[in-house]
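J.:
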Amino acid sequence: MGVSNKTPEFLKMNPLGKVPVLETPDGPVFESNAIARYVARLKDDNPLFGSSRIEQAHVEQWMDFAATEVDPGVAWYLYPRLGYLPYVSTTEETAISSLKRSLGALNTHLASNTYLVGHAVTLADIVMTCNLYHGIARILTKTFTSDFPHVERYFWTMVNQPNFKKVIGEVKQMVLDDWKRLYSNTKTNFREVAIKGFWDMYDPEGYSLWFCDYKYNDENTVSFVTLNKVGGFLQRMDLCRKYAFGKMLVIGSEPPFKLKGLWLFRGQDVPKFVMDEVYDMELYEWTKVDISDEAQKERVNAMIEDQEPFEGEALLDAKCFK
Ligand SMILES: N[C@@H](CCC(=O)N[C@@H](CS)C(=O)NCC(=O)O)C(=O)O
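All residue numbers for the sequence shown refer to full-length UniProt numbering, where the first residue is 1 and numbers rise by one.
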């Protein structure tokens with residue numbers, strides 16, 4: 001995807017140039033549900049299709065529901081945040097309300113059913129879980145999914161089945177509000193409680209950490225003007241409160257003051273809609289934190305903790321966005 005899916009060779013396999021495509025000895029197959037059916041049919045009388053005509057129909061029903069009622073909602077919500085589509089707030093509202101409607105129906109069904117069809121996993125569960133996975137691991141917050149408790153129970157049961165784990169690994173849904181609560185409630189032993197708690201709950205698949213560095217520190221010659229600048233920035237970030245946590249440090253005991261920050265964002269990039277809507281963003285240099293680098297991790301800890309001195313300098317102030 002993004003490398004070879006628009007080449008003439010690929011377009012011969014899928015005229016839309018979309019992934020996935022399965023290459024079989026008899027030729028290519030596109031559309032993920034068609035691929036799933038093909039793979040399941042490699043085994044004769046596969047019980048994944050259900051054990052009666054009506055079960056087979058219900059398996060198809062939920063596969064279509066996943067592809068046409070769940071997947072588009074997730075995609076229209078997630079893709080603008082990944083920068084694949086332009087961010088339009090009314091489009092996002094429509095995606096969210098249609099997703100809520102679909103998950104509501106799914107929740108009602110799962111209130112009295114362990115699996116979608118019958119009493120064992122079918123192809124419908126595999127497809128549904130894959131569609132939910134994109135949403136739950138990458139965009140939907142716990143606050144969002146907790147309105148659908150049966151969907152949550154179903155999803156976590158499915159992704160913890162050994163065969164699922166073998167393919168998708170450990171799935172995590174970091175609960176941003178849990179972190180914000182831990183941060184706010186920790187008054188003593190901050191390192192042992194809050195910082196340790198942060199790394200225990202940090203989900204590097206669903207979230208990313210960023211350092212930001214103000215580009216025009218020379219201009220920060222008046223302390224209250226500098227503090228107001230940060231205050232205004234944090235106010236404008238209000239639109240991403242559900243998706244972000246941030247610390248902004250105002251550094252130095254005398255002017256010019258340096259502004260440096262640490263941000264936690266849902267997703268692997270600084271959300272496109274934040275870049276588009278908050279003009280302050282381009283006043284900072286943004287660097288993704290490499291959490292495999294212990295020195296960078298320690299800098300994260302120091303910023304969360306308002307460690308003083310910070311990089312050898314006093315702090316004029318530290319502001320938190322939560
Ligand atoms: N209905 C298709 C949708 C596939 C799809 O939208 N793939 C996206 C990536 S998740 C893609 O390849 N997009 C590239 C494009 O739109 O050109 C399926 O289920 O296979």
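Ideal Cβ positions, reconstructed from N, Cα and C, are used throughout, including at glycine.
Which parts of the UniProt domain "GST C-terminal" (52–178) are runs of the alpha helix (DSSP H), unbroken and 4 residues or longer, counting only runs that do not cross its ends?
T.: Runs found: 53–65, 71–82, 89–111, 123–138, 142–145, 149–159, 162–168.
J.: Report back the beta-carbon spacing between Ile136 and Phe155 to the nearest angstrom; my notes put them in contact at under 8 angstroms.
T.: Between Phe155 and Ile136 the Cβ distance is about 6 angstroms, and since that is below 8 angstroms, they are a contact.
J.: May I ask you to check if the CB of Val74 is nearer than 8 angstroms to at least one heavy atom of ligand 3?
T.: With respect to ligand 3, the structure offers nothing, as its ligand set consists of ligand 1.
J.: Less than 6 angstroms between C-beta atoms, sequence neighbours within five positions excluded: which residues of the same chain meet that for Ala124?
T.: Here the set comprises Val59, Trp62, Met63, Leu116, Val117.
J.: Hey, out of Glu305, Val274, Lys215, whose CA is closest to Val88's CA?
T.: For the residues Glu305, Val274, Lys215, the minimum Cα distance to Val88 belongs to Val274.
J.: Check the DSSP bridge columns for Ser292 and list the partner residues they point to.
T.: Partner(s): none; Ser292 has no beta bridge.
J.: Ala314 and Ile251: beta carbons closer than 9 angstroms?
T.: It is a contact, given that the beta carbons lie within the stated cut-off.
J.: Which word fits Ile54, buried or exposed, when buried means at least 16 other C-beta atoms lie within 10 angstroms of its C-beta?
T.: Under this definition Ile54 is an exposed residue.
J.: Quick check: Leu259 and Asn217, are their CB atoms within less than 9 angstroms of each other?
T.: Yes, the pair counts as a contact, with Cβ atoms nearer than the cut-off.
J.: Can the beta-carbon of Asn163 be found less than 9 angstroms from the beta-carbon of Val70?
T.: Cβ atoms of Asn163 and Val70: not closer than 9 angstroms.
J.: Kindly confirm or deny that the stretch 73–82 and the stretch 252–272 touch, where touching means at least three C-beta pairs closer than 8 angstroms.
T.: Touching, yes.
J.: Determine contact between the stretch 278–295 and the stretch 89–96, defined as no fewer than three beta-carbon pairs at a distance below 8 angstroms.
T.: Counting Cβ pairs under 8 angstroms, fewer than three are found: no touch.
J.: Does the stretch 211–225 come close enough to the stretch 281–299 to have 3 or more Cβ pairs within less than 8 angstroms?
T.: Yes: the two stretches touch, three or more of their Cβ pairs being nearer than 8 angstroms.
J.: Among residues of its own chain, excluding the 5 on either side of Pro256, which ones have a beta-carbon nearer than 6 angstroms to its beta-carbon?
T.: Cβ within range, chain order: Asn217, Asp218, Asn220, Thr221.
J.: So what does Gly261 bridge to, in DSSP terms?
T.: Answer is Cys212, Met248, bridged to Gly261.
J.: Do Thr122 and His150 have their C-beta atoms within less than 9 angstroms of each other?
T.: Not closer than 9 angstroms, so no.
J.: Considering just the uninterrupted stretch of the alpha helix (DSSP H) at residue 325, what are its terminal residues?
T.: No information on residue 325 is available, as it lies outside the stretch 1 to 322 that the chain covers here.
J.: Where does Tyr207 fall in DSSP's three states?
T.: Here Tyr207 sits in strand by DSSP.
J.: Using 9 angstroms as the threshold, is the C-beta distance between Thr188 and Gly197 below it?
T.: No, the Cβ-Cβ distance between Thr188 and Gly197 is not below 9 angstroms.
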